[in-house]
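Q: Which chain is which? The protein sequence lines are A and B, in order. Take 17 as the starting number for the first sequence in the working numbering and just add one per residue. Take 17 as the starting number for the second sequence in the working numbering and just add one per residue.
2 protein chains.
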Amino acid sequence: MKQLSEYSAQYLPVIEQHLFSTLNNALKTGFPELKESILYQFGFDAGKARGKRVRPMLVLLSADLLSMDWHELLPAASAIEMLHNFSLIHDDIEDHSPLRRGKETIWKKWGTEKAVNIGDALFILAVQTIQSIASQFDPQCAMEAEQLFMQAAFSIMQGQQMDMAFEGDRNINLEDYLQMIHEKTAALLAFSCEIPAVLNGRETETRELLHGFGLNLGMAFQIYDDWLGIWGKGDQTGKTECSDLIERKLSYPVLLGLKQSPQFCEMWQSQESFSAAMVHSMVEILASEGIEKEVLAKAAHYNEIALNALGSVRGNESAKNALRTITEDLIKRKK
Amino acid sequence: MKQLSEYSAQYLPVIEQHLFSTLNNALKTGFPELKESILYQFGFDAGKARGKRVRPMLVLLSADLLSMDWHELLPAASAIEMLHNFSLIHDDIEDHSPLRRGKETIWKKWGTEKAVNIGDALFILAVQTIQSIASQFDPQCAMEAEQLFMQAAFSIMQGQQMDMAFEGDRNINLEDYLQMIHEKTAALLAFSCEIPAVLNGRETETRELLHGFGLNLGMAFQIYDDWLGIWGKGDQTGKTECSDLIERKLSYPVLLGLKQSPQFCEMWQSQESFSAAMVHSMVEILASEGIEKEVLAKAAHYNEIALNALGSVRGNESAKNALRTITEDLIKRKK
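1) Which complete alpha helix (DSSP H) runs does the region 240-303 of chain B hold, if anything under 4 residues is left out?
2) My understanding is that leucine 302 of chain B touches proline 278 of chain B, with C-beta atoms under 8 angstroms, so please give their C-beta distance in whole angstroms.
3) So, does the CB of glutamine 177 of chain B fall closer than 8 angstroms to a CB anywhere in chain A?
4) So, does the CB of lysine 130 of chain A fall closer than 8 angstroms to a CB anywhere in chain B?
5) Output needed in chain order: residues of the region 148-176 of chain A with a Cβ under 7 angstroms from some Cβ in chain B.
6) Are the C-beta atoms of aspartate 192 of chain B and some chain A residue less than 8 angstroms apart?
7) Comparing alpha-carbon positions, which option in B:Gln174, B:Trp247, B:Glu129 and B:Gly59 lies nearest glutamate 183 of chain A?
8) Per the DSSP calculation, glutamate 386 of chain A is bridged to which residue(s)?
9) Would you verify that the beta carbon of asparagine 189 of chain A is, or is not, closer than 8 angstroms to some beta carbon of chain B?
10) For a quick check, are the C-beta atoms of glutamine 177 of chain B and asparagine 133 of chain A less than 8 angstroms apart?
11) So valine 143 of chain A contacts chain B; which residues on that side make the cut at Cβ distance below 7 angstroms?
12) I'd like to check one pair, glutamine 163 of chain B with glutamine 156 of chain A: are the Cβ atoms closer than 8 angstroms?
13) Is leucine 115 of chain B close to chain A, meaning its C-beta is less than 8 angstroms from at least one C-beta of that chain?
14) Look at the Cβ atom of serine 259 of chain B, then the Cβ atom of glycine 245 of chain B, and state whether they are nearer than 8 angstroms.
15) What's the gap between the Cα of glutamine 57 of chain A and the Cα of glutamate 120 of chain A?
16) Shortest alpha-carbon distance to proline 239 of chain B belongs to which of B:Met196, B:Glu221, B:Gly228 and B:Lys255?
17) Taking the alpha helix (DSSP H) that alanine 62 of chain A belongs to, which residues open and close that run?
18) Histidine 227 of chain B: which of B:Pro114, B:Met235, B:Ala206 and B:Pro212 sits nearest, CA to CA?
19) Where does threonine 256 of chain B land, buried or exposed, given buried means 16+ other C-beta within 10 angstroms?
20) With distance defined between alpha-carbon atoms, name the residue in A:Leu261, A:Met294, A:Ser297 and A:Ser304 nearest to glutamine 276 of chain A.
21) Closest by CA to leucine 204 of chain A, which one among A:Asn187, A:Leu190, A:Phe237 and A:Arg340?
22) Give the list of continuous alpha helix (DSSP H) stretches no shorter than 4 residues that lie fully inside the region 174-209 of chain A.
23) Go ahead and pull the three-state DSSP assignment for glycine 230 of chain A.
24) Quick one: using the 10 Å Cβ neighbour count with 16 as the cut-off for buried, is serine 208 of chain B buried or exposed?
25) Checking 8 angstroms against the spacing of the C-beta atoms, do leucine 99 of chain B and alanine 142 of chain B come in under that value?
26) Any idea what DSSP makes of lysine 336 of chain B, helix, strand or coil?
27) By the criterion of Cβ-Cβ separation under 8 angstroms, what are the contact partners of leucine 346 of chain B in chain A?
28) Can you pull out the residues from the region 33-51 of chain A whose beta carbon lies closer than 8 angstroms to at least one beta carbon of chain B?
29) What whole-angstrom Cβ distance do alanine 131 of chain A and isoleucine 149 of chain A have, given they're in contact under 8 angstroms?
30) Taking the alpha carbon of arginine 218 of chain B as the reference point, which residue from B:His198, B:Arg264, B:Ala158 and B:Asn232 has its own alpha carbon closest?
31) Answer yes or no: do serine 94 of chain B and threonine 38 of chain B have a C-beta to C-beta separation smaller than 8 angstroms?
32) Does the beta-carbon distance from leucine 81 of chain A to glycine 331 of chain A come in below 8 angstroms?
33) Taking contact to mean 3 or more Cβ pairs, one atom from each stretch, closer than 8 angstroms, check whether the region 329-344 of chain B and the region 18-34 of chain B are in contact.
34) Go ahead and pull the three-state DSSP assignment for arginine 223 of chain A.
35) At which residues does the alpha helix (DSSP H) containing serine 53 of chain B begin and terminate?
36) My guess is that glycine 248 of chain A and lysine 348 of chain A are in contact by the Cβ rule of under 8 angstroms, so how many angstroms apart are they, rounded?
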């Protein structure tokens, strides 16, 4: 059976090539600064650090799972990766993040004003790329895929708006938090897994299973990311240890701590910024109150729902196995 | 013959209603802050100052000119107005403008971070609205209209990127400046006039004439706007007199002054900010060197090309006459 590593070795260079040529063609006759900055964002400036291309991988593996020709899904995969990167450019402005993948973010390098516009231009390219699939598939299916693409984009914005509105509000309830990560992160992963079935005109059941797989994978991913933000090892994550506590980020473990431990709550409210000793105590409280375990259990819970949905899809066993590996690796990763 | 004022009285309330209900429906179940801020941008918060809806008016009049049912063009007209307002929200961030139509801009009211995201959400609604026309028209025509919509959107971003890149660079040549306003302003007006012909499957000639009409109208509009930025009367424009000189904006008259008058050029370079006396002298130089006349002649030149193109379109005389009135009024307006 073909392993995930073999799929990656096969798909990733083709994804990179498709992304590069699509962006390069769209931007080659335009104003040079747009081309330069957008290629930089994707790491196409002299082979610098690139994203993991998780979403394109999910698109192509889901296509393979349905025994479609994965090459036909390349424009959809590129469009989704462009949408994701557009949202990163604007998120980095909104979160004031100076670095991404060890490189200066677009706003840091080109200034906030231009970064807003560069993100906008990239989003337009993403929509143009998803529009380009119309000629390859049944028109009704293509139209539905385009509409779902825009809905996924809207989810990201809605999730980001909630995230910003929640900022600093320690009374956010867990349900609102889960809704926020559903919109901001999980919806696009759900769409990435579902789109091959949409374009292939598959029955509702298959679509819903693949959507559910991606959605729960996304929820698990984000909750585990919140775990890493406190318990990840600094030398592996590339971030400061306990960075989410230091930055007072209202992540899932923190919201649980505020809800369940009066002692944690008191410490959280006592200071604007925490000493190393305080951070250490807070982490201990979260562990002793069983909150660390609860967070990991929540991630595992979503992962299990994802795997169950995946297991029910009738399709190519080898691709299914690779998607299973992605899911299982997700909550073992160190960064 | 029906006058422009009668068309306005007929169209504008319907445009407002369509815009409001489209936005309200799309946002009513989502996160309230998005709905509140987007309705505010459009002036739907208790009847405050609204835009002039120039682009929707051009869409509907062009439809009438081609003897189409203008009601069918309402989604396209709303989509274009949404695209325009999205670009205003982001422009106001990029230009640090605190006020628009006498109201606080979105970034001023909600902060830059949220304003970026609110603009993004509005742009997605614009694309969804243009997608919604697919069911009403021939699928090929609808698809082409959607593609041209995205191209017009990309033009705006490209023009804005050029505008920001040119900032403070007094060596910008006039051709680059004209290219910038072509992309940033004129392209969307061209598309507004052309889209009814696209959706109606009209022959290339009609499409090109309407495109040319809108494009040249847009060029005239912007050049005349540059004239107003120096020679407009403060009590009528609502801006400070000579505001473009005071803000050191490299508008068309300033670029002409820098190119043609060594004396103007010297004054421009001599100070970071100008005294009232200097501004007065600079305006006098621009007049005595014939630059004020040259600017007005350039606007009139584009206006004439626009009117010629319009004159060649075979269509409803009454709608044509109303479009002619818009064009003629353009370079007589006081604000």
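We put the CB at the ideal spot given by N, CA and C, even for glycine.
A: Result, derived from the coordinates:
1) 250-253, 259-262, 268-276 and 278-286
2) As a working note, residue 302 of chain B is residue 286 in the second sequence. As a working note, residue 278 of chain B is residue 262 in the second sequence. With 8 angstroms as the limit, leucine 302 of chain B and proline 278 of chain B do not qualify as a contact, their Cβ atoms being about 13 angstroms apart.
3) For the purposes of this step, residue 177 of chain B is identified with residue 161 of the second sequence, where counting begins at 1. For glutamine 177 of chain B, the answer is yes, since a Cβ of chain A falls inside 8 angstroms of its Cβ.
4) As a position in the first sequence, residue 130 of chain A is number 114, starting the count at 1. Yes, contact with chain B.
5) Ala150, Pro155, Met159, Glu162, Gln163, Met166, Ala169, Phe170, Met173, Gln174 and Gln176
6) Working through the second sequence from its first residue, we reach residue 192 of chain B at position 176. Closer than 8 angstroms: no.
7) To locate residue 183 of chain A, count along the first sequence from 1; it is residue 167. For the residues B:Gln174, B:Trp247, B:Glu129 and B:Gly59, the minimum Cα distance to glutamate 183 of chain A belongs to B:Glu129.
8) Look at the range of chain A in this structure, 17 to 351, and you will see that residue 386 of chain A is not part of it.
9) Indexing the first sequence from 1 puts residue 189 of chain A at position 173. Cβ-Cβ to chain B under 8 angstroms: no for asparagine 189 of chain A.
10) Start at 1 with the first residue of the second sequence, and residue 177 of chain B comes out as number 161. Start at 1 with the first residue of the first sequence, and residue 133 of chain A comes out as number 117. Against a cut-off of 8 angstroms, the Cβ pair of asparagine 133 of chain A and glutamine 177 of chain B comes out as a contact.
11) What you label residue 143 of chain A is simply residue 127 of the first sequence in a count that begins at 1. Residues of chain B passing the Cβ test: Val143 and Met166.
12) On the first sequence, residue 156 of chain A is found 140 positions in, with the first residue counted as 1. On the second sequence, residue 163 of chain B is found 147 positions in, with the first residue counted as 1. Contact: no.
13) What you label residue 115 of chain B is simply residue 99 of the second sequence in a count that begins at 1. Not one chain A Cβ lies under 8 angstroms of leucine 115 of chain B.
14) Position 243 of the second sequence holds residue 259 of chain B. Position 229 of the second sequence holds residue 245 of chain B. Result yes, Cβ atoms of serine 259 of chain B and glycine 245 of chain B sit closer than 8 angstroms.
15) Here residue 57 of chain A corresponds to residue number 41 of the first sequence, with the count starting at 1. Here residue 120 of chain A corresponds to residue number 104 of the first sequence, with the count starting at 1. Glutamine 57 of chain A and glutamate 120 of chain A: Cα-Cα distance of roughly 10 angstroms.
16) Residue numbering aside, residue 239 of chain B sits at position 223 when the second sequence is read from its first letter. In the sequence as presented, proline is not what sits at residue 239 of chain B; that position holds isoleucine. The shortest C-alpha separation from isoleucine 239 of chain B is found at B:Met196.
17) Working through the first sequence from its first residue, we reach residue 62 of chain A at position 46. Looking at the DSSP string, alanine 62 of chain A is not in any alpha helix (DSSP H), and its letter there is neither H nor E.
18) Stepping through the second sequence from its first residue, residue 227 of chain B is reached at position 211. Comparing Cα positions, the closest option is B:Ala206.
19) Indexing the second sequence from 1 puts residue 256 of chain B at position 240. Classification for threonine 256 of chain B: exposed.
20) Within the first sequence, numbered from 1, the residue matching residue 276 of chain A stands at position 260. The option with the nearest alpha carbon to glutamine 276 of chain A is A:Ser304.
21) For the purposes of this step, residue 204 of chain A is taken as the residue at position 188 of the first sequence. Comparing Cα positions, the closest option is A:Phe237.
22) 190-197
23) As a working mapping, residue 230 of chain A is identified with position 214 in the first sequence. Helix.
24) In the second sequence, residue 208 of chain B corresponds to position 192, counting from 1. Under this definition serine 208 of chain B is a buried residue.
25) For the purposes of this step, residue 99 of chain B is identified with residue 83 of the second sequence, where counting begins at 1. For the purposes of this step, residue 142 of chain B is identified with residue 126 of the second sequence, where counting begins at 1. Result yes, Cβ atoms of leucine 99 of chain B and alanine 142 of chain B sit closer than 8 angstroms.
26) Residue numbering aside, residue 336 of chain B sits at position 320 when the second sequence is read from its first letter. Of the three classes helix, strand and coil, the one that applies to lysine 336 of chain B here is helix, per DSSP.
27) By 1-based counting over the second sequence, the position of residue 346 of chain B is 330. The premise fails here: leucine 346 of chain B is roughly 27 angstroms from chain A at the closest Cβ pair, so nothing lies under 8 angstroms.
28) Gly46, Phe47, Glu49 and Leu50
29) One-based indexing of the first sequence puts residue 131 of chain A at position 115. One-based indexing of the first sequence puts residue 149 of chain A at position 133. With 8 angstroms as the limit, alanine 131 of chain A and isoleucine 149 of chain A do not qualify as a contact, their Cβ atoms being about 28 angstroms apart.
30) Position 202 of the second sequence holds residue 218 of chain B. Cα-wise, what sits closest to arginine 218 of chain B is B:Ala158.
31) Position 78 of the second sequence, counting from 1, holds the residue named residue 94 of chain B. Position 22 of the second sequence, counting from 1, holds the residue named residue 38 of chain B. Contact: yes.
32) Counted from its first residue, the first sequence places residue 81 of chain A at position 65. Counted from its first residue, the first sequence places residue 331 of chain A at position 315. Cβ atoms of leucine 81 of chain A and glycine 331 of chain A: closer than 8 angstroms.
33) yes
34) For the purposes of this step, residue 223 of chain A is taken as the residue at position 207 of the first sequence. The answer is helix: DSSP assigns arginine 223 of chain A an H, G or I state.
35) Taking the first residue of the second sequence as position 1, residue 53 of chain B is located at position 37. Taken as a continuous stretch (DSSP letters only), the alpha helix (DSSP H) holding serine 53 of chain B covers 48-57.
36) The residue labelled residue 248 of chain A in the question sits at position 232 within the first sequence. The residue labelled residue 348 of chain A in the question sits at position 332 within the first sequence. Contact doesn't hold; Cβ gap of about 12 angstroms is too wide.
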